[in-house]
Ligand SMILES: Cc1ncc(C[n+]2csc(CCOP(=O)(O)OP(=O)(O)O)c2C)c(N)n1
Ligand SMILES: [Mg+2]
């Protein structure tokens, strides 16, 4: 079967393998949080994996990404080591941020991952700042900002869109629209004709796709990343998706209609692309092996994180903003 935009069955298969890793990572992390084996917040990306996989597959190592509170999948998709990430969310030494950032601050500058971010929409302003720096420094890279539908209702998001268009910066905005902002249906607190119209109001071309369909994400991302890379200015991708779990691991999500949640399985982006891979010559045994490999790799990461020591006390004030530190001592 011929695919557009330089896509191939092999490339789609590699994206599928990344999705399996994301799913296994967040299923384990969510369980560990519910069992109080780790502290802090864990916002599972379960059900949304096709978006990170399809977009990041179009990026080069030097391209920056910024993320939001539901950020594990973006980091894995950009190539972060799941074992170092698991150590991080367990708050252990050897974590990708030395065990001091936790789930909502996972970052790896060596992979151009600018970080997850617990402040809704603020990862987007950081991304626009990075895109401005790329422009000023005359660098070859582009920037992708991932954020949720809830971010569209914060002022910094609108400033970011405005600034990006005024300077025609090399940035792709990716809105992961799962229909919810925490416990609230986003539509019930959102004025106007919709998310795409918000971007278009700033003169930014915007596409809307089914974010549970890896092929749709990959095709749209290939096109939009290409446009951003060739200096056409900012672009906006609106990807609809489903948040399978509660807002975070300790939220059972009881404010949602159980029938609605049960319906999410039919949209499973992993099952959908597995079906496509089977139809396109990949053997069931290969897919089974992929799933076992991902599960094994994450089980090893959990075992490593549970056995690892906490960061040394002597490291308490390294790599953190230390204003006032001496007065705390
Ligand atoms: C500035 C700010 N306001 C409120 C919150 C509390 N909060 C955390 S996540 C969230 C909803 C975010 O929804 P969305 O952006 O759609 O992301 P999702 O959780 O659905 O992936 C809110 C209101 C916050 N973290 N930051
Ligand atoms: Mg949302």
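In the numbering used here, the protein residues as written are 10 to 338.
Where a beta carbon is used, it is the ideal one built from N, C-alpha and C, also for glycine.
Since the model is a prediction, treat every value here as computed from it, not as a measurement.
From the DSSP secondary-structure annotation, give me the bridge partner or partners of residue i.
i	result
residue 182	154 and 245
residue 215	245
residue 121	In the DSSP output, where bridge partners are listed per residue, residue 121 has none listed.
residue 194	189
residue 75	154
Would the beta-carbon of residue i be found less than 6 Å away from any heavy atom of ligand 1?
i	result
residue 79	yes
residue 39	no
residue 129	yes
residue 271	no
residue 154	no
residue 225	no
residue 160	yes
Within 10 angstroms of its Cβ, does residue i collect 16 or more other Cβ (buried), or is it exposed?
i	result
residue 338	Low local confidence applies: a pLDDT of 49 at residue 338 is under 50, so the model's placement there is unreliable, and no value is given.
residue 53	buried
residue 237	buried
residue 330	exposed
residue 108	buried
residue 192	exposed
residue 146	exposed
residue 385	Since the first and last residues shown for the chain are 10 and 338, residue 385 lies out of range.
residue 134	buried
residue 75	buried
residue 45	exposed
residue 34	buried
residue 117	buried
residue 111	buried
residue 233	buried
With C-beta atoms as the reference, is residue i less than 7 Å away from residue j?
i	j	result
residue 179	residue 140	yes
residue 190	residue 220	no
residue 300	residue 29	yes
residue 63	residue 246	no
residue 208	residue 163	no
residue 95	residue 115	no
residue 56	residue 285	no
residue 345	residue 121	Past the boundaries of the shown model lies residue 345; the chain is included only from 10 to 338, so the question cannot be answered.
residue 188	residue 125	no
residue 258	residue 43	yes
residue 102	residue 317	yes
residue 280	residue 60	no
residue 255	residue 177	no
residue 311	residue 37	yes
residue 204	residue 184	yes
residue 25	residue 213	no
How about residue i: is its Cβ closer than 6 Å to a heavy atom in ligand 2?
i	result
residue 157	yes
residue 190	yes
residue 187	yes
Contained alpha helix (DSSP H) runs [length at least 4] in the region 51-105, N- to C-terminal order: 58-65, 81-86 and 91-98
Which complete alpha helix (DSSP H) runs does the region 259-338 hold, if anything under 4 residues is left out? 267-272, 278-288, 293-316 and 334-337
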